[in-house]
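**Q** To get the working numbering, take the position in the sequence shown, counting from 1, and add 102.
The C-beta atom is built at its ideal place from N, Cα and C for all residues, glycine as well.
All values reported here derive from a predicted model rather than from experimental measurement.
Mind looking over this structure? Questions follow.
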Amino acid sequence: MPNGNLQAKTCRPIPTRPAHRAADGCEIRRQRTGREADKLVQSFQADAAREAGIFHHLITLPTYHETALGVDILSEGYFGDLGMLAYVRDIQRQEIRRDQASVKHQDLAGSNIGDDHKEYFSGDNALLASGEDNTMNQF
């Protein structure tokens, strides 16, 4: 279905009906139009890539907005009444349940590489980021 077929029609309640009911099936049209819009959005990436003859990179838009929303939601609890619990409850526990590598962020950030260099040059005197007391080891 082409994008141009989605047209809005002004719907007004009929005075003799309850105010929450729309006249002329407008509520049904809104639901149908919403489902049609969802289908268009769902296939947008594949359709746009096919029509443009390119492979699309899908991640920039959603990750930008997801990051902004996630930081906003986390900040409300983290800097509010929940403190660190907001992070543990809403992020860390989900990472653990999903078995995501990001829960071991020290490794992903390369702290083990830095530790290898420190040990090479300083031996037993090296001040390491990792080790048995590292919080990452609990995961």
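Could you check if VAL205 is buried or exposed, using at least 16 other CB atoms within 10 Å of its CB as the buried criterion?
**A** Classification for VAL205: buried.
**Q** Give me the Cβ distance between LEU63 and TYR189, rounded to the nearest whole Å; I'm assuming they're in contact under 8 angstroms.
**A** Examination of residue 63 is not possible in this model, given that the chain is present from 103 through 241 alone.
**Q** What is the rounded straight-line gap between the Cα of ALA203 and the Cα of GLU197?
**A** If I take the Cα positions, the gap works out to 8 angstroms.
**Q** I want to see whether chain C comes within less than 8 angstroms of LYS206, judged by CB atoms only; does it?
**A** The structure shown has no chain C; it contains just one protein chain.
**Q** In the DSSP assignment, find the alpha helix (DSSP H) that holds VAL173 and state where it starts and stops.
**A** Element bounds for VAL173: 162-180.
**Q** Would GLU221 and ALA228 be called neighbours here (beta carbons separated by less than 8 angstroms)?
**A** Yes, the Cβ-Cβ distance between GLU221 and ALA228 is below 8 angstroms.
**Q** Would you please state the rounded distance, in angstroms, between the beta carbons of ASP192 and GLY179? I believe it to be under 8 angstroms.
**A** The Cβ separation is near 7 angstroms, so the contact holds.
**Q** Just the Cα atoms here: how many angstroms apart are SER145 and THR162?
**A** Cα-Cα distance, rounded: 17 angstroms.
**Q** Hey, how far is the Cα of ASN214 from the Cα of LEU187?
**A** Going by the C-alpha atoms only, they are around 27 angstroms apart.
**Q** Let's see if you can read the secondary structure: which residues bound the alpha helix (DSSP H) around GLY216?
**A** GLY216 -> alpha helix (DSSP H) spans 213-224.
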